[in-house]
Ligand SMILES: Cc1cc2nc3c(=O)[nH]c(=O)nc-3n(C[C@H](O)[C@H](O)[C@H](O)COP(=O)(O)OP(=O)(O)OC[C@H]3O[C@@H](n4cnc5c(N)ncnc54)[C@H](O)[C@@H]3O)c2cc1C
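Chains as they are written, first to last, in my numbering: chain X, 1 to 289; chain A, 1001 to 1812.
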């Protein structure tokens, strides 16, 4: 195994172009596990830790440009206001040690359906900034996840950053695991209210081959809030609406039975989380008036 | 070669004075000038800070110049005929020194086992469970060894698997072991039953006729793993005399030795074992893991060989707690008195016997719990299946039974409309109660009192998660996963109490050996204690130093590394080591003391009449009379001489249980603990937060109160684990393990671990050293059923299975 240590972003892109099979390593909290257990034996390992700009973030007018290697701890500490859903999701990842190393770039690189960042990213909305020596392109998050642990990156591309919409309303993230910390999601749910566009977006984790949005549920709720004039009145969401939203979220999932949980439990739990997180975000929206 | 402790292998980069083994040879001072550091004090353990700061040298840290790395190729299927094994390509790999299969075993002894020698050192003709060792590789790098092993081609012809009682005992069931001729094979109902123990006492039918209520239940207990710190590992160093020096993390050196030596074709004197740094054991190190494999490779290659399992392999490297199916019937009269109990406990022993027979004996004899029941009809048995082998784990058969009988006690109480604690107290055993085996309980059995104590503790406040800034999710079910801010959360409270035997039972000749020496060093008397006791984290080395101080009146005690140069200390299991090896240290110290006093009488007897007339003690470095008068300094009594004795210590003999009636004085001592669990359940998501697990336990005498509380809290937490998360999931169709990693075999984190207030009772057992009772296991028993009872109270669900999973609580 050869170990590449590019000193700059340009060097990293050049190295990736030269060795498309090279496996980037950021926090290493996925890569090292795979290597330790011999699930992966790459010819080239490319350390991104000297590319310091990957660990930086910029807060713009409407978006946050979050460097691929910004660790979860930093997101929790510094981006709670701009990215509340992602900050909550970050808090549920593993343990403090892992949160000090791992970040969103790695979560996207692995593209596991159980990655905790994904539901929050999908609900918040944004784009992946993918770069190669050929140039930079923006991949909408909705198009990024292609299959189980497969993403839309080309072999010569690296993730430079994710561009995430700054929250214009409350966001929540919830995950079910069979222990109270340090657990891989049995299933997870993210929700973001976007009062600026009067829309609601969602993200579902660990309940389909890829992270997904519950689009029918989003459309239903967006329409129901609109029709009842609730964005303006800030009145309560009728229980029947919340209930149907929950059912549609549960219906959007395509889960399996595995050692972590059953498909039917996952569906059930998603419905409960959808109802509760809608309740929390909507209450926060009402209280913010 | 390496039979002196100071030549034990050092870690790279550290000096030879920091050998890669438990630092038991550290001299332990008293910590402060004012304390004596004797029994009853909470002296600190020498390994505590090292473990917490990551500096402790585990057996996996062992290192030797020129050493090779061993690797074990394991079966990828659970049950198959081995048609061929081709090692050619592996052997041809550069860096590989040896590849061994069954055909390379040097003697006619090719199997080992704790009680029944049914376990092949390497698979022969057949594999019987997923992960069974098939071949060994030694290479100059661990990766080379692993990759070479991957090149060994094993051709399997798969066989059907038996995985439960129905499939294993069907008339045409495939036999896991053909041609059994072990000492249990004659009395079992089917060759796929390892051992069966009925217990019949009184007349259950007649008593049932008197019952006003009869309650039945079927219960399932999942497979728990010991999940000890520090995976299996050790270093085998070939010696010039043709023998081998083995450094290993284990639970009983001499039991290992007895199994290893014949396979190697060596006399036991040529297999010298030294205990290396052990993280934990909980029963999981009673069976051999890498011991014989490492020695075989070392003797074959003539080089030191180290084997370290990773955590994945560790799940295949040791036995687990028996999963069980239990069927119970309890009867009671209106006034809340039990009339009878019938029960049937089926334990899954997996592919090899391991400790199954003894687990059966425990499960049967402790199956009705700490209650007075004169009419019982009990049956316990262990199966041979193609599931992972199961054997010893903290609580040893009593755990599974306690889970079921305590659920039953709650059910009967509910039927009678009685408070569950009150109902238990009405039936609680006491000193003098006759066990189902006919054995009287001949020391304090404060069962009702322990229940009273846990019930009397103040309850944690309701809705502790509420803060001025909203819900603190860490105090709620789901924790940091942020699943509820109080929605769906219901509190439940549950109680349980259990009974565990201490020491080896059923007629086993259970003894421990201790060697104690006293001499003067730099003008001060110093004691040296040498035993083969495996320090697996229980704090035995700390207690030995305390005992030596109390008995010999010295301050400085050196604990020698545990090895086989001294007699057996028996196993660090069955809650027995403080009783047994602690007892041996006490016993030998007393004999040493007599010799010191004899010496004193000879030297100074003429100077003071008290030498001849008074009761003499050693205290504070002096010989004193029981009246407190100092007669001489120990240093002056000893002068240049030393006293050095090695003695064995035995507990009261026990008897085997009759194979048909189960009658017999089978146990030495019992230990009792009671728990009250307070849980918060998210009833919609099925998530549980255990808020508090209060425990009261009688320990006879707390030799080291801090360690006692630590044991109780640890045992309690292990019981919590199997209540709500810990389970090895085995695919019933393939008998393969589905979650052999800490990613999916979950154990409690600190956030899952509740407050554990502990109330320690000290009612002396006059038969035991200092009146003490074994502590380690009892808290593991009652913790699980208490949590289950609390969850039942919160949800109203029946919950006949542990661990409880979210889908069991939501019905989804
Ligand atoms: C004990 C433990 C617990 C865990 N618990 C959780 C959990 O609760 N929730 C969860 O979601 N995850 C969990 N993980 C997984 C892991 O921590 C996360 O997926 C984390 O986000 C990975 O980030 P990293 O920087 O460590 O990635 P790395 O391991 O460095 O990389 C992961 C993948 O992304 C690729 N990659 C990294 N950076 C880039 C880049 N800039 N461009 C292109 N590809 C890139 C790598 O090549 C690799 O394929 C856990 C891991 C461990 C070891």
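All residues carry an ideal CB built from backbone N, CA and C; glycine is no exception.
Note that the structure is a prediction, hence the values are computed from the model and not measured.
Q: From the DSSP output, in three-state form, read off residue 1382 of chain A for me.
A: In the structure shown, residue 1382 of chain A sits in a strand (DSSP, three-state: E or B).
(Q) In whole angstroms, give me the CA-to-CA distance for residue 1268 of chain A and residue 1317 of chain A. (A) 24 Å
Q: Let me know the secondary structure DSSP gives residue 1356 of chain A once reduced to three states.
A: helix
**Q.** Counterpart residues of residue 190 of chain X in DSSP-defined beta bridges
**A.** X:173, X:203
(Q) Looking only at its chain, what residues have a beta carbon closer than 6 Å to the beta carbon of residue 237 of chain X, apart from the 5 residues adjacent to it on each side? (A) 282
Q) The alpha helix (DSSP H) with residue 1314 of chain A in it runs from where to where? A) 1311 to 1317
Q. Below 8 Å, can you find three or more Cβ-Cβ pairs linking the stretch 1666 to 1674 of chain A to the stretch 1724 to 1732 of chain A?
A. no
**Q.** Within 8 Å of chain A by C-beta, residues of the stretch 257 to 274 of chain X in sequence order
**A.** 259, 260, 261, 262, 264, 265, 267, 268, 269, 272, 273
Q.
In whole angstroms, give me the CA-to-CA distance for residue 1452 of chain A and residue 1570 of chain A.
A. 36 Å
Q: Mark residue 1305 of chain A as exposed unless 16 or more other C-beta atoms lie within 10 angstroms of its C-beta, in which case mark it buried.
A: By the Cβ neighbour-count rule, residue 1305 of chain A is buried, with 16 or more other Cβ atoms within 10 Å of its own.
Q | residue 1513 of chain A - containing beta strand (DSSP E), residue span | A | 1511 to 1521
Q.
Just to confirm, is the Cβ distance from residue 1263 of chain A to residue 1112 of chain A under 8 Å?
A. yes
Q | Distance, residue 1780 of chain A Cα to residue 1389 of chain A Cα | A | 21 Å
Q) Given that a residue counts as buried once 16 or more other Cβ atoms are within 10 Å of its Cβ, and exposed if not, what is residue 7 of chain X? A) exposed
Q. Rounded C-beta distance between residue 1875 of chain A and residue 1552 of chain A? I'm assuming under 8 Å.
A. In this structure chain A extends from 1001 to 1812, so residue 1875 of chain A is not present and cannot be described.
**Q.** Cβ-based neighbour list, residue 1539 of chain A, same chain, cut-off 7 Å, excluding 5 preceding and 5 following
**A.** 1045, 1704, 1707
**Q.** Under 8 Å (Cβ pairs) to chain X, residues found in the stretch 1133 to 1162 of chain A
**A.** 1146
**Q.** Where the stretch 1714 to 1738 of chain A meets chain X: residues whose CB sits under 8 Å from a CB there
**A.** From the stretch 1714 to 1738 of chain A, only 1724, 1725, 1729, 1738 have a Cβ closer than 8 Å to chain X.
Q: List the whole-angstrom C-beta distance separating residue 1722 of chain A from residue 1493 of chain A, where the pair is believed to meet the contact cut-off of C-beta under 8 Å.
A: Actually they do not touch by this definition, with Cβ atoms about 20 Å apart.
Q. Is the CB of residue 225 of chain X under 8 Å away from at least one CB in chain A?
A. With its beta carbon at least 8 Å from every one in chain A, residue 225 of chain X lies outside the interface.
Q.
Buried or exposed, going by whether 16 or more other CB atoms sit within 10 Å of the CB of residue 1431 of chain A?
A. exposed
Q | Start-to-end residues for the alpha helix (DSSP H) that takes in residue 1840 of chain A | A | One cannot answer for residue 1840 of chain A here, as it falls past the ends of chain A, which runs 1001 to 1812.
Q: On a CA-only basis, which of X:83, X:202, X:41 is nearest residue 60 of chain X? Give me that one, please.
A: Put simply, of X:83, X:202, X:41 the residue whose alpha carbon is nearest the alpha carbon of residue 60 of chain X is X:83.
Q) Do you know offhand how far residue 1742 of chain A's Cα is from residue 1313 of chain A's? A) 12 Å
Q: Below 7 Å between beta carbons is the criterion; list the residues of the stretch 174 to 187 of chain X that meet it against any residue of chain A, in chain order.
A: Against chain A - using a Cβ distance shorter than 7 Å - the residues of the stretch 174 to 187 of chain X are 174, 175, 176, 177, 178, 179, 180, 181, 182, 183, 184.
Q. Span of the beta strand (DSSP E) holding residue 1339 of chain A?
A. 1338 to 1348
Q: Give the range of the beta strand (DSSP E) segment to which residue 1632 of chain A is assigned.
A: First-last of the beta strand (DSSP E) with residue 1632 of chain A: 1630 to 1633.
Q. Around the Cβ of residue 178 of chain X, are there at least 16 other Cβ atoms within 10 angstroms (buried) or fewer (exposed)?
A. buried
(Q) According to DSSP, is residue 1823 of chain A part of a helix, a strand, or is it coil? (A) As shown, chain A starts at 1001 and ends at 1812. That puts residue 1823 of chain A outside it, with no answer to give.
Q | Own chain residues within Cβ distance below 8 Å of residue 1808 of chain A, not counting five before or after | A | 1686, 1797, 1799, 1801
Q: Can you give me the Cβ contacts of residue 1411 of chain A inside the same chain, cut-off strictly under 6 Å, excluding the 5 residues immediately before and after it?
A: 1215
Q: Using a Cβ cut-off of 8 Å (strictly closer), state whether residue 88 of chain X contacts chain A.
A: yes
Q) residue 1784 of chain A: which of A:1357, A:1497, A:1757, A:1319 sits nearest, CA to CA? A) A:1497
Q: Pick helix, strand or coil for residue 1669 of chain A, following the three-state DSSP scheme.
A: strand
Q.
Any contact between the stretch 1100 to 1110 of chain A and the stretch 1060 to 1067 of chain A? By contact I mean 3 or more CB pairs, one from each, below 8 Å.
A. no
Q) Can the beta-carbon of residue 1211 of chain A be found less than 8 Å from the beta-carbon of residue 1340 of chain A? A) yes
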